[in-house]
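Line by line, the protein sequences are chains B and C.
Quick note: the first sequence uses my numbering, first residue 6, plus one each step.
Quick note: the second sequence uses my numbering, first residue 36, plus one each step.
Using N, Cα and C, we set each Cβ at its ideal position, and we do this for glycine too.
This report refers to the structure that appears directly beneath it.
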Amino acid sequence: MRHTPRQRLGWSGAFLIIAVCSLVPVLWIIFLSLKTPATATDGSFIPHAWTLSNYSDIFNEGIFTSALRNSIGIALIATALAVVFASAAAYAIARLNFPGKQLILSVSLAVVVFPQVSLVGPLYNLWRTIGLYDTWPGLIIPYMTFALPLSIFVLSSFFREIPWELEQAAQIDGATPFQAFRKVIAPLATPGIVTTFIIVFIICWNDFIFAISLTSTTRAETVPAAIAQFPGASQFTQPIGDIAAAAVVVTIPVMILVLLFQRRIVSGLTAGAVKG
Amino acid sequence: MAEIVLEHVTKRYGDGYEAVKDMNLDVADGEFMILVGPSGCGKSTALRMVAGLEDITDGELKIGGKVVNDRAPKDRDIAMVFQNYALYPHMTVAENMGFALKLAKTPQQEIDQKVNDAAQILDLQEHLNRKPANLSGGQRQRVAMGRAIVRNPSAFLMDEPLSNLDAKLRVQMRAEISRIQQRFETTTIYVTHDQTEALTLGDRIAVMRAGALQQVGSPNELYTRPNNLFVAGFIGSPSMNFLPGEIDGDQVKLPIGTVRIPDTLRQRLQAGPGGGRSGVIVGLRPEDFEDASLVSDRDRGIAFTAKIDVLESMGSEFYAYFTVESERVSSQELEELAHDAGAADLPTQEGSQLVARLDAASQVRQGQETELWFKSEHLHMFDPETGKSLLGSTDRGGRTSAPAAPPQTAQSPQPAEPTSGTQQQSGGTKLPPPDTAR
């Protein structure tokens, strides 16, 4: 494709605007995290006084490190469970014809659009009664539940792409249904499984509503909830720098995850299975 | 090594549709059996029932003498080659071929040995460490074959394995498959919709239509003694010409002239089920026509003039298309065939369109009135209502069987003979050249 200089200019301008719009908030929060508490509210974009004390502060306070540990643990466990259950369900939906298949899909779609806020109150009471309040399972269960429908949706479309014949070939080669799934279908669905894993992980990682409502102490508080509880350096200073530093730190795992698996997500692993 | 026996095998779907109707078929040990028919005739379903990928609604399937209806595919000791190869894309060629052995917990050393042997037979040694995505269509096809032969199963099942290859490669692989099958002498069921493949590969061919077996026999038998209009029209390329005919004593009146029925044919007609029927559909193979100027002994047939509409030169011969004024013969079976060939979409012409295969020495020109001649010895006659052949068998008792025939007796595989002894030398039955794909 060849572009006239005018077109090129237009496109470059558009790209530039998009890049600026998406990068400025990120840069702004990074710079904010590098300001001293005194200059945090001076309104300048680039800090006048640079400091790393915000970062050392948050790691020295127990509240952030324990929240980080909770976040990683809860998000990983919830995601892993959701992906395992969703693969089984999605595989059945993609491969089998059973009564109520459409119903399951549409109900799971309904769950995705269901407002989570409306569940927080009942859950709070329920968890308090049965003793799940402020525990890891207390967050893992709702995360997994809300992640499942989306995972089933994404995974079933990936499984549908895998040719039926591959599985039949495996059956004829002597594989049991589970072997066929583990040795043939699952490796081929890896891009789908990884994609789902990342999506679900980000959803769990970023959740605020459940985290703030169903936890109260460092036992199970995740980072988004903990940030809101940050104390200032003194009673009269706002913990703006600490919050910014914490925000930067929690972004890093997600970024690493995405960069790590980017190739996996994009790669078309099924190429060459069948003709065409 | 095993024989495969289908007894009254039926496939009925939930909505009552019968894909395979009461199928009886014996495939002898080591035999190369072809299931052929137009798309949707149930041939693939039948094969998949043998493989165990489809449940059998009714009837019994025996492999090696044991009823295997309820056995999983993996317990049937069969290998299958799929139409789209179904290679595992995340495994190398060697892993693909060794997968079955690995699942069977064969020691790695033995797997390597067997994979290497198979690779040698299929000329795949250099590609053992490549992934299927990096192979050409023909190579993928060979890997699929390799995956089947590595296991040394009791039967090969092949579901249109060549239909994804281009025409030239298909002819090569056809020879390759034939070679492999002869080398291993493994019972093979091969599904195809291509009658040329069927004629060239099979020890025996089973022609199917709408879920029912039409005729089972050697390629030569199907070609020279088709049971009914469907088999007659399906086997052979270009396909058989059909004209309405009127039998009057020892003559049959055709739109192109009245011809005396040869004695041998008359005997078969008397032995057949037609009785004294006079209105018939007459079938004429394209190769029974000839340019009249090239025929010295005209008494064995009749000459007539026709205007050649289209002349196709094949190099070794001509295909001459011409129209004869007559009522068009109509039969459900012929319409189905025409539909399958896509001819139903062509504009309908007046009269009957015929095709003749003429010698390359012929001087015919397109658009010219030409005198043609046809030989009366190989006329086929069919009942216009039932479509069944009216010719009984005088030399081989009871081989012509009706569609719902009792189980075919197992027959030791015989190589296809292109010409049978009863035919004369000049313009004798020519089987279609192997490279004319339908």
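One alpha carbon belongs to residue 181 of chain C, the other to residue 139 of chain C, and they sit about 17 Å apart.
Counting of Cβ neighbours within 10 angstroms places residue 50 of chain B among the exposed residues, the total staying below 16. DSSP places residue 225 of chain C in the strand class (E or B) of the three-state scheme.
Secondary-structure assignment with DSSP links residue 263 of chain C through a beta bridge to C:423. Rounded to the nearest whole angstrom, the C-alpha separation of residue 269 of chain C and residue 320 of chain C is 12 Å. Residues of the segment 167-184 of chain B with a Cβ closer than 7 Å to any Cβ of chain C, in chain order: 168, 170, 171, 173, 174, 176, 177, 178, 179, 180, 184.
Its Cα nearest to that of residue 253 of chain C, the residue C:62 stands out among C:133, C:62, C:57. For the C-beta of residue 132 of chain C, not a single chain B residue is nearer than 7 Å; the gap to the nearest is close to 10 Å. A distance of 7 Å or more separates the beta carbons of residue 163 of chain B and residue 96 of chain B. Close partners of residue 192 of chain B in chain C (Cβ separation under 7 Å): 125. Taking C-beta atoms as the reference points, residue 71 of chain C and residue 233 of chain C count as a pair closer than 7 Å. Residue 220 of chain B and residue 148 of chain B have their alpha carbons spaced roughly 14 Å apart. Where residue 147 of chain C is concerned, the enclosing alpha helix (DSSP H) starts and stops at 143-157. Taken atom to atom, the span from the alpha-carbon of residue 263 of chain B to that of residue 41 of chain B is near 31 Å. Judged by DSSP secondary structure, residue 206 of chain C falls outside any beta strand (DSSP E) and instead within the alpha helix (DSSP H) spanning 202-219. Here DSSP, grouped into helix, strand and coil, assigns residue 342 of chain C to strand.
Per the Cβ contact rule, the segment 189-198 of chain B is not in contact with the segment 56-73 of chain B (fewer than 3 Cβ pairs under 8 Å). In its chain, beyond the 5 residues on either side, 141, 144, 145, 148, 209, 225, 227 have a beta carbon closer than 8 Å to the beta carbon of residue 79 of chain B. Residue C:187 holds the alpha-carbon nearest to the alpha-carbon of residue 146 of chain C among C:187, C:358, C:243, C:216. Within the model, the alpha-carbon separation for residue 247 of chain B versus residue 213 of chain B is close to 18 Å. Residue pairing from DSSP places residue 388 of chain C in a beta bridge opposite C:358. Contact check for residue 104 of chain C against residue 91 of chain C passes: the beta carbons are separated by less than 7 Å. Nearest Cα to residue 117 of chain C within the set C:169, C:200, C:53: C:200. In the DSSP assignment, residue 374 of chain C falls within the alpha helix (DSSP H) that extends over 367-375. Secondary structure note for residue 410 of chain C: it is in no alpha helix (DSSP H), and the uninterrupted beta strand (DSSP E) holding it is 404-410. Excluding its 5 nearest sequence neighbours in each direction, residue 261 of chain C has C-beta neighbours in its own chain below 6 Å: 267, listed in chain order.
Only residues of its own chain outside the window of five on either side were considered, and among them 248, 251 have a CB closer than 6 Å to the CB of residue 232 of chain B, listed in chain order. CA-to-CA, the gap between residue 133 of chain B and residue 207 of chain B works out to about 27 Å.
Counting only runs of 4 or more residues that sit fully inside the segment 104-134 of chain B, the alpha helix (DSSP H) segments are 106-118, in chain order. Here residue 182 of chain B carries a helix assignment [DSSP, helix/strand/coil]. Per DSSP, the beta bridge partners of residue 279 of chain C are C:316. The alpha-carbon separation between residue 422 of chain C and residue 301 of chain C amounts to approximately 19 Å. Using a CB distance cut-off of 7 Å, residue 88 of chain C counts as an interface residue toward chain B.
Under the three-state reduction of DSSP output, residue 39 of chain C falls in the strand class. Residue 293 of chain C is bridged by DSSP to C:288. Residue 199 of chain B does not reach chain C, its nearest Cβ partner there being about 14 Å away, counting only Cβ pairs nearer than 9 Å.
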